[in-house]
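For reference, the structure discussed in these notes is given below.
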Amino acid sequence: MNDDSVLGQLATHFLLISLLAVGGANAVLPEMHRQVVDVAGWMTNEQFAQTFAIAQAVPGPNVLIVTLIGWHVAGPAGALVTTLAMCGPTCVLAYVVGGIWHRFRYAKWRRAIQGGLVPLTIGLIAASGFLLAQGAARSLPTALYITLTALVLLFTRISPLWMLFGGGLLGLLRLI
Numbered sequence: 020m021n022d023d024s025v026l027g028q029l030a031t032h033f034l035l036i037s038l039l040a041v042g043g044a045n046a047v048l049p050e051m052h053r054q055v056v057d058v059a060g061w062m063t064n065e066q067f068a069q070t071f072a073i074a075q076a077v078p079g080p081n082v083l084i085v086t087l088i089g090w091h092v093a094g095p096a097g098a099l100v101t102t103l104a105m106c107g108p109t110c111v112l113a114y115v116v117g118g119i120w121h122r123f124r125y126a127k128w129r130r131a132i133q134g135g136l137v138p139l140t141i142g143l144i145a146a147s148g149f150l151l152a153q154g155a156a157r158s159l160p161t162a163l164y165i166t167l168t169a170l171v172l173l174f175t176r177i178s179p180l181w182m183l184f185g186g187g188l189l190g191l192l193r194l195i
């Protein structure tokens, strides 16, 4: 497959997915994963999880995962194509819809749509977390720590930074 074909596939996929990214890029991670890992085979589960971790570790927006996927698949051109395809349509749509959304800020239908998007977005982000956990759980101790972290963060008000610190420490000690 030539580079133009890969760049075209990246552009098409990320253009379409950008229009579904209600709640940001992390909300559509399962679809990104499906395309990049399951359909195209450009990355493994583990590579996808590692790419996500790198994107989250560096300063900047969550959409950096898209740039890193593009870089992995097709180098600098892939990074540029995926970033533009993911951000371009969303920016235009946000500008147009934002004006309309503000104009109807007191309409009942607007509040109903907004109320319906909240659980949808939470569900999409939860699915993303589950998908990433599957890719990151390379051993039983890692899977147990992922489960513990999820439970602690779900049922307590402990800062996620403590769990991040604990995971880093366990990794440093080569326990996970």
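Residue 20 is where the sequence shown starts when you use this note's numbering, and the numbers rise one by one after that. Even for Gly, the Cβ is constructed at its ideal location relative to N, Cα and C.
**OP:** State yes or no: is the C-beta of Val85 within less than 8 Å of the C-beta of Thr102?
**Re:** yes
Original post:
Do you know offhand how far Leu163's Cα is from Phe71's?
Top reply: 20 Å
Original post:
Between Leu172 and the rest of its own chain, which residues show a CB-CB distance below 7 Å, the 5 nearest in sequence each way excluded?
Top reply: Pro179 and Met182
**OP:** For Phe123, name the three-state secondary structure that DSSP assigns.
**Re:** coil
Original post:
What runs of the alpha helix (DSSP H), each 4 residues or longer, lie entirely inside the segment 72–125?
Top reply: 83–122
**OP:** Using the Cα positions of Gly117 and Phe67, report the straight-line distance between them to the nearest angstrom.
**Re:** 32 Å
**OP:** Use the C-beta contact count for Gly89: other C-beta atoms within 10 angstroms, 16 or more gives buried, fewer gives exposed.
**Re:** buried
Subject >> First through last residue of the alpha helix (DSSP H) which encompasses Gly190 >> reply: Pro179 to Leu191
Subject >> Residue environment, Gly154, which counts as buried when at least 16 other CB atoms sit within 10 Å >> reply: buried
Original post:
Looking at Leu112 and Ala46, is the spacing between their C-beta atoms short of 8 Å?
Top reply: no
Subject >> Closest Cα partner of Phe149 within the set Glu50, Cys106, Pro95 and Gly97 >> reply: Glu50
Original post:
If you draw a straight line from the alpha carbon of Gln54 to that of Leu26, how long is it in whole angstroms?
Top reply: 14 Å
Subject >> Rounded C-alpha distance that separates Ile177 from Leu170 >> reply: 11 Å
Original post:
Taking the alpha carbon of Ile195 as the point to measure from, which residue in Ala156, Phe33 and Asp57 has its own alpha carbon closest?
Top reply: Ala156
Original post:
By DSSP, does Met51 sit in helix, in strand, or in coil?
Top reply: helix
Original post:
With a CB to CB cut of under 6 Å and the five nearest residues on each side skipped, what residues in its chain are close to Gly43?
Top reply: Asn81
Original post:
So, are the CB atoms of Pro108 and Leu38 less than 8 Å apart?
Top reply: yes
Original post:
Under 8 Å, do Leu151 and Leu48 count as touching if we go by C-beta distance?
Top reply: yes
**OP:** Provide the residue span of the alpha helix (DSSP H) that contains Val58, from first to last.
**Re:** No alpha helix (DSSP H) contains Val58, which DSSP labels as neither H nor E.
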